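S.K.: A single structure is presented below for examination.
Number of protein chains: 2
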Amino acid sequence: MIENGAYIYNQRAKIEKIAEEICGQGFDLLFFTSSGGSLAMMQPFEHMINNMSEINVGSMLSADLLLTGYNRLSDRSVAFLTSKSGDTKETLRAAEHLKGRGVRLVSVVGVEESPLEEISDYSIVYKEGRPQELVFYLLIGKILYIQGAFPDYPQFAEELRNLPSALVQVRKAADEKCKKYAADYHKEPYNIWIGSGDLWPTAYSYSMCVLEESQWIRTKSVSSPEFFHGTLELLEEDVCVTLLLTEGPTRLLDERVKRFAGQHTKKLTCFDTKDYQLPGISKCFRCYLSPVVMAAVLQRISKNIEVITNHSLDIRRYYRKSDY
Amino acid sequence: MIENGAYIYNQRAKIEKIAEEICGQGFDLLFFTSSGGSLAMMQPFEHMINNMSEINVGSMLSADLLLTGYNRLSDRSVAFLTSKSGDTKETLRAAEHLKGRGVRLVSVVGVEESPLEEISDYSIVYKEGRPQELVFYLLIGKILYIQGAFPDYPQFAEELRNLPSALVQVRKAADEKCKKYAADYHKEPYNIWIGSGDLWPTAYSYSMCVLEESQWIRTKSVSSPEFFHGTLELLEEDVCVTLLLTEGPTRLLDERVKRFAGQHTKKLTCFDTKDYQLPGISKCFRCYLSPVVMAAVLQRISKNIEVITNHSLDIRRYYRKSDY
Numbered sequence: 000m001i002e003n004g005a006y007i008y009n010q011r012a013k014i015e016k017i018a019e020e021i022c023g024q025g026f027d028l029l030f031f032t033s034s035g036g037s038l039a040m041m042q043p044f045e046h047m048i049n050n051m052s053e054i055n056v057g058s059m060l061s062a063d064l065l066l067t068g069y070n071r072l073s074d075r076s077v078a079f080l081t082s083k084s085g086d087t088k089e090t091l092r093a094a095e096h097l098k099g100r101g102v103r104l105v106s107v108v109g110v111e112e113s114p115l116e117e118i119s120d121y122s123i124v125y126k127e128g129r130p131q132e133l134v135f136y137l138l139i140g141k142i143l144y145i146q147g148a149f150p151d152y153p154q155f156a157e158e159l160r161n162l163p164s165a166l167v168q169v170r171k172a173a174d175e176k177c178k179k180y181a182a183d184y185h186k187e188p189y190n191i192w193i194g195s196g197d198l199w200p201t202a203y204s205y206s207m208c209v210l211e212e213s214q215w216i217r218t219k220s221v222s223s224p225e226f227f228h229g230t231l232e233l234l235e236e237d238v239c240v241t242l243l244l245t246e247g248p249t250r251l252l253d254e255r256v257k258r259f260a261g262q263h264t265k266k267l268t269c270f271d272t273k274d275y276q277l278p279g280i281s282k283c284f285r286c287y288l289s290p291v292v293m294a295a296v297l298q299r300i301s302k303n304i305e306v307i308t309n310h311s312l313d314i315r316r317y318y319r320k321s322d323y
Numbered sequence: 000m001i002e003n004g005a006y007i008y009n010q011r012a013k014i015e016k017i018a019e020e021i022c023g024q025g026f027d028l029l030f031f032t033s034s035g036g037s038l039a040m041m042q043p044f045e046h047m048i049n050n051m052s053e054i055n056v057g058s059m060l061s062a063d064l065l066l067t068g069y070n071r072l073s074d075r076s077v078a079f080l081t082s083k084s085g086d087t088k089e090t091l092r093a094a095e096h097l098k099g100r101g102v103r104l105v106s107v108v109g110v111e112e113s114p115l116e117e118i119s120d121y122s123i124v125y126k127e128g129r130p131q132e133l134v135f136y137l138l139i140g141k142i143l144y145i146q147g148a149f150p151d152y153p154q155f156a157e158e159l160r161n162l163p164s165a166l167v168q169v170r171k172a173a174d175e176k177c178k179k180y181a182a183d184y185h186k187e188p189y190n191i192w193i194g195s196g197d198l199w200p201t202a203y204s205y206s207m208c209v210l211e212e213s214q215w216i217r218t219k220s221v222s223s224p225e226f227f228h229g230t231l232e233l234l235e236e237d238v239c240v241t242l243l244l245t246e247g248p249t250r251l252l253d254e255r256v257k258r259f260a261g262q263h264t265k266k267l268t269c270f271d272t273k274d275y276q277l278p279g280i281s282k283c284f285r286c287y288l289s290p291v292v293m294a295a296v297l298q299r300i301s302k303n304i305e306v307i308t309n310h311s312l313d314i315r316r317y318y319r320k321s322d323y
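Protein chains in written order, with numbering that gives the first Met the number 0: chain A, 0 to 323; chain P, 0 to 323.
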């Protein structure tokens with residue numbers, strides 16, 4: 000896994016050059032679009048841009064973009080798209096739509112020579128590289144730096160070299176807790192997943208794109224503030240609740256859920272990025288890294304559930320098995 | 000119910016004057032913020048503005064706004080807030096936050112002389128008036144008209160006079176289907192709710208703020224395009240799926256779910272606004288009205304479930320019963 004991180008980190012010069020060219024040409028909007036887990040992976044960077052700068056930023060599902068458009072886009076806008084296969088139908092059609100409007104395209108794809116890479120102005124191929132977010136920490140981080148919104152970026156980027164090994168440590172440290180979690184809860188009939196801010200996309204996509212898609216486990220995801228506008232009423236002592244706590248600016252919202260849910264169910268599990276050390280990463284940068292730290296933790300749930308249920312994470316009933 | 004509609008429609012002159020003043024002073028952003036079902040009620044108008052105009056528009060949960068800010072807001076922005084009680088804690092604090100930044104505030108509240116009205120530059124009180132959306136059709140419609148993006152608004156506004164009676168017809172027409180739906184499915188252990196575009200907020204908030212909050216029924220809501228990125232794998236012949244079909248621009252996404260889900264579960268119910276006549280409303284305006292038409296339909300589910308389960312829609316375990 001450390002090698003996988005190095006595969007991306009070694010492209011740092013190329014990635015930062017893309018940031019320089021984008022800023023050199025100027026832009027009026029940074030826009031993220033894709034589908035499912037791919038958009039969710041990028042949304043923390045929309046948060047980051049909003050929280051750290053005055054830069055105009057937005058996101059939309061590709062399927063929606065194709066039917067409604069996004070009225071702030073212009074030929075001075077830059078769009079970021081990602082697809083593991085590089086041929087996700089809606090994402091590719093969104094790229095064509097954007098290209099037709101003169102939007103510059105930056106794609107992050109898993110395989111070489113994909114249709115998405117073909118149509119894009121810039122492309123970063125990560126192959127077995129992980130985490131994909133590393134591309135965006137470098138790309139968006141450098142853009143924020145050039146725009147004067149992230150003066151500590153050079154040190155952050157240096158320390159990102161240590162991220163892959165730090166995440167290996169996180170996975171090791173999380174494994175025991177996740178193994179017990181998997182054993183205790185893999186048969187639950189209903190699972191409430193909660194998170195906020197930069198971890199809301201994680202709660203949303205892990206529950207849907209991993210538990211639902213690859214383990215056929217029923218979930219409901221809800222953001223920490225919204226939990227109090229309906230879902231709270233479902234709590235009883237045997238209702239399984241999983242809460243993700245971020246180190247980002249919305250942490251208070253998660254802590255509020257923790258206090259409340261702890262009083263009303265015996266099946267509350269809290270995964271808190273604060274519980275995990277990140278050797279080689281300064282404390283001041285941890286607030287940006289909750290999504291990758293949490294992804295490393297949650298990966299240990301998936302891997303342990305897979306073993307317990309003997310249900311491979313790769314089995315699908317329907318996805319990409321038929322046309323729909 | 001017709002009188003309730005008239006209560007709002009009779010404020011048309013006042014509402015349109017607010018639109019005129021906002022446009023007269025100019026603005027750089029129309030921004031929607033509130034919590035839970037209140038924000039969901041306003042989000043179709045964000046869609047409408049995006050789809051019909053070049054006007055800068057955005058929305059954010061009040062709880063998030065307080066912790067992360069929204070970087071496009073300026074003292075030339077206008078924010079819309081709504082709260083039935085007029086004292087929802089987070090919404091009120093968001094209003095104070097926005098006021099401090101010089102943002103003009105327009106609030107839509109259920110009761111007179113509330114703290115939210117007190118702090119707002121403009122306020123519309125709807126009391127027993129329904130649907131609340133009628134305020135926004137007039138307010139946002141008029142703004143779009145003044146900005147040149149909705150030339151047919153005068154006719155639309157005239158026809159809105161007929162909306163309350165049309166919605167009474169919708170409720171009557173929907174009752175039998177909803178009664179059977181309530182009888183068949185009120186005991187389901189898991190309910191998938193799906194919708195897109197201007198009906199995604201309806202799917203989201205009806206399942207959470209009505210079924211979960213007031214009937215303690217377990218749900219998962221997912222948008223029509225996102226359904227195909229995970230939740231589809233849960234379908235088996237006895238999994239209860241409820242699909243809302245809009246007449247807005249994203250209808251194709253709903254029809255795709257209908258085709259797919261119809262093949263994989265016997266418990267698919269489709270509620271389609273197209274099935275309901277709207278006497279006195281021209282066909283060309285129906286595309287804007289899916290949220291209020293669907294709300295009228297779904298109200299018949301709630302009312303019928305309440306009778307069947309003998310569980311009043313007003314009972315809460317926790318909401319506003321204790322501090323959290």
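The beta carbon of each residue, even a glycine, is placed where N, CA and C say it ideally should be.
Remember, it's a predicted structure, so these values are computed and weren't measured experimentally.
For P:Ile273 versus P:Glu305, is the C-beta distance shorter than 8 Å?
M.R.: By one-based count along the second sequence, residue 273 of chain P stands at place 274. By one-based count along the second sequence, residue 305 of chain P stands at place 306. The sequence given here places Lys at residue 273 of chain P; Ile does not occur at that position. Cβ atoms of P:Lys273 and P:Glu305: not closer than 8 Å.
S.K.: Who are the neighbours of P:Gly229 on chain A, taking C-beta pairs under 7 Å?
M.R.: Start at 1 with the first residue of the second sequence, and residue 229 of chain P comes out as number 230. Those within 7 Å of P:Gly229 in chain A are Gly35, Met207, Cys208, Glu211 and Glu212.
S.K.: Ends of the beta strand (DSSP E) at P:Ser220?
M.R.: On the second sequence, residue 220 of chain P is found 221 positions in, with the first residue counted as 1. Its beta strand (DSSP E) spans residues Thr218 to Ser222.
S.K.: Against chain A, with Cβ distances strictly below 8 Å, would P:Pro163 count as a contact?
M.R.: In the second sequence, residue 163 of chain P corresponds to position 164, counting from 1. No - not a single Cβ of chain A is within 8 Å of the one on P:Pro163.
S.K.: How many Å lie between A:Gln214 and P:Tyr8 at the Cα?
M.R.: Counting from 1 along the first sequence, the entry for residue 214 of chain A is found at position 215. Counting from 1 along the second sequence, the entry for residue 8 of chain P is found at position 9. Near 51 Å, if we compare the C-alpha coordinates of P:Tyr8 and A:Gln214.
S.K.: Three-state secondary structure (DSSP) at P:Phe149?
M.R.: By one-based count along the second sequence, residue 149 of chain P stands at place 150. Three-state DSSP puts P:Phe149 in coil, outside helix and strand.
S.K.: Taking all protein chains shown into account, decide if P:Gln276 is buried (16 or more other Cβ within 10 angstroms of its Cβ) or exposed.
M.R.: The sequence position of residue 276 of chain P within the second sequence is 277, counting from 1. It counts as exposed.
S.K.: Applying the criterion that 16 or more other CB atoms from any shown protein chain within 10 Å of the CB defines a buried residue, is A:Lys219 buried or exposed?
M.R.: Taking the first sequence and counting its residues from 1, the one referred to as residue 219 of chain A is at position 220. A:Lys219 is buried by the Cβ-count criterion.
S.K.: Where do the ends of the beta strand (DSSP E) carrying P:Ser59 lie?
M.R.: By 1-based counting over the second sequence, the position of residue 59 of chain P is 60. A small fix is needed here, since residue 59 of chain P is Met in this sequence, not Ser. Its beta strand (DSSP E) spans residues Val56 to Leu60.
S.K.: Skipping 5 residues on each side, what residues in its chain have a beta carbon closer than 7 Å to that of A:His96?
M.R.: Numbered from its first residue, the first sequence carries residue 96 of chain A at position 97. If we look at A:His96 and ignore the five residues flanking it on each side, its Cβ neighbours are Leu64 and Leu65.
S.K.: Would you grab the beta carbon distance between A:Ser281 and A:Leu143 for me? Rounded to a whole angstrom, and I think it's under 8 Å.
M.R.: For the purposes of this step, residue 281 of chain A is taken as residue 282 along the first sequence, with counting starting at 1. For the purposes of this step, residue 143 of chain A is taken as residue 144 along the first sequence, with counting starting at 1. The pair is not a contact, with the Cβ atoms about 17 Å apart (cut-off 8 Å).
S.K.: Using the C-alpha atoms, what's the distance from A:Asp253 back to P:Arg160?
M.R.: Here residue 160 of chain P refers to the residue found at position 161 of the second sequence. Here residue 253 of chain A refers to the residue found at position 254 of the first sequence. Cα-Cα distance, rounded: 44 Å.
S.K.: What would DSSP say about A:Leu243, mapped onto helix, strand or coil?
M.R.: As a working note, residue 243 of chain A is residue 244 in the first sequence. Looking at A:Leu243 - three-state DSSP - the assignment turns out to be strand.
S.K.: So which of A:Gln131, A:Leu242 and A:His263 has the shortest CA-CA distance to A:Glu235?
M.R.: Residue mapping note: residue 235 of chain A aligns to position 236 of the first sequence, counting from 1. It is A:His263 whose Cα lies nearest to the Cα of A:Glu235.
S.K.: Quick check on P:Tyr317 - is its C-beta less than 8 Å from some C-beta in chain A?
M.R.: As a position in the second sequence, residue 317 of chain P is number 318, starting the count at 1. Output row for P:Tyr317: interface = yes.
S.K.: Tell me which same chain residues have a C-beta within less than 6 Å of the C-beta of P:Val238, skipping the five on either side of it?
M.R.: Within the second sequence, numbered from 1, the residue matching residue 238 of chain P stands at position 239. Thr264, listed in sequence order.
S.K.: Give the DSSP-derived three-state secondary structure of A:Gly101 in the structure shown.
M.R.: Taking the first sequence and counting its residues from 1, the one referred to as residue 101 of chain A is at position 102. It is coil, neither helix nor strand.
S.K.: Pick helix, strand or coil for A:Trp215, following the three-state DSSP scheme.
M.R.: To locate residue 215 of chain A, count along the first sequence from 1; it is residue 216. Residue state, collapsed to three classes: coil.
S.K.: Taking A:Cys22 as the reference, give the member of A:Gly35, A:Ala165, A:Ile54 and A:Gly101 with the closest Cα.
M.R.: The residue labelled residue 22 of chain A in the question sits at position 23 within the first sequence. Comparing Cα-Cα distances from A:Cys22 to each of A:Gly35, A:Ala165, A:Ile54 and A:Gly101, the minimum goes to A:Ile54.
S.K.: Going by DSSP, name the residue or residues bridged to A:Val124.
M.R.: Along the first sequence, one-based indexing puts residue 124 of chain A at 125. In the DSSP output, where bridge partners are listed per residue, A:Val124 has A:Val108.
S.K.: Would you kindly work out how many angstroms separate the C-alpha atoms of P:Lys83 and A:Ser195, rounded to a whole number?
M.R.: Within the second sequence, the letter at position 84 stands for residue 83 of chain P. Within the first sequence, the letter at position 196 stands for residue 195 of chain A. P:Lys83 and A:Ser195: Cα-Cα distance of roughly 25 Å.
S.K.: Taking Cβ positions, are A:Glu225 and P:Gly229 nearer each other than 8 Å?
M.R.: Position 226 of the first sequence holds residue 225 of chain A. Position 230 of the second sequence holds residue 229 of chain P. No. Outside cutoff.
S.K.: So, P:Gly36 versus P:Ser204, is the Cβ gap smaller than 8 Å?
M.R.: Taking the second sequence and counting its residues from 1, the one referred to as residue 36 of chain P is at position 37. Taking the second sequence and counting its residues from 1, the one referred to as residue 204 of chain P is at position 205. Against a cut-off of 8 Å, the Cβ pair of P:Ser204 and P:Gly36 comes out as a contact.
S.K.: Does the distance from the C-beta atom of A:Gln359 to that of A:Thr81 stay below 8 Å?
M.R.: Residue numbering for chain A in the displayed model covers 0 to 323; residue 359 of chain A lies beyond these limits and cannot be assessed.
S.K.: Using a cut-off of 8 Å between C-beta atoms, extract the partners of P:His46 located in chain A.
M.R.: Your numbering for residue 46 of chain P matches position 47 in the second sequence. What P:His46 touches in chain A: Thr67.
S.K.: Does the distance from the C-beta atom of A:Leu242 to that of A:Lys257 stay below 8 Å?
M.R.: Locating residue 242 of chain A in the first sequence gives position 243, counting from the first residue. Locating residue 257 of chain A in the first sequence gives position 258, counting from the first residue. Closer than 8 Å, so yes.
S.K.: Give the residues of chain P in contact with A:Trp215, contact being defined as C-beta atoms less than 9 Å apart.
M.R.: Numbered from its first residue, the first sequence carries residue 215 of chain A at position 216. Correct list: Glu232, Leu233 and Glu235.
S.K.: Is any beta-carbon of chain A found at less than 8 Å from that of P:Gly196?
M.R.: Within the second sequence, residue 196 of chain P is the residue found at index 197, counting from 1. Yes, contact with chain A.
S.K.: Give, in chain order, every unbroken run of the beta strand (DSSP E) that is at least 3 residues long and sits entirely within the stretch 30-74 of chain A.
M.R.: Runs of the beta strand (DSSP E) inside the stretch 30-74 of chain A: 56-60.
S.K.: Does the separation of the CB atoms of P:Phe79 and P:Met41 fall below 8 Å?
M.R.: In the second sequence, residue 79 of chain P corresponds to position 80, counting from 1. In the second sequence, residue 41 of chain P corresponds to position 42, counting from 1. Cβ distance < 8 Å, so P:Phe79 and P:Met41 count as in contact.
S.K.: A:Asn49 versus chain P: which residues are under 8 Å apart at the beta carbon?
M.R.: As a first step, residue 49 of chain A must be located in the first sequence, where it is residue number 50. The contacting residues are Thr67, Gly68, Tyr69 and Asn70.
S.K.: Anything in chain A within Cβ reach of P:Ala62, meaning under 7 Å, just list it in chain order.
M.R.: Residue numbering aside, residue 62 of chain P sits at position 63 when the second sequence is read from its first letter. The contacting residues are Pro224 and Leu252.
S.K.: Which residues in chain A have a C-beta closer than 8 Å to the C-beta of P:Tyr144? List them in chain order.
M.R.: Indexing the second sequence from 1 puts residue 144 of chain P at position 145. Those within 8 Å of P:Tyr144 in chain A number zero; the least Cβ separation is about 17 Å.
S.K.: Going along chain A in order, which residues have a C-beta closer than 8 Å to the C-beta of P:Tyr189?
M.R.: As a first step, residue 189 of chain P must be located in the second sequence, where it is residue number 190. The contacting residues are Pro188, Tyr189 and Arg217.
S.K.: Please identify the residue among P:Glu117, P:Val77, P:Arg299 and P:Glu2 whose C-alpha is closest to the C-alpha of P:Glu19.
M.R.: Here residue 19 of chain P refers to the residue found at position 20 when the second sequence is read from its first residue. Checking every option, the nearest Cα to that of P:Glu19 belongs to P:Val77.
S.K.: Using a Cβ cut-off of 7 Å, pull out every chain A residue sitting near P:Pro248, in sequence order please.
M.R.: Working through the second sequence from its first residue, we reach residue 248 of chain P at position 249. Leu66 and Thr67, listed in chain order.
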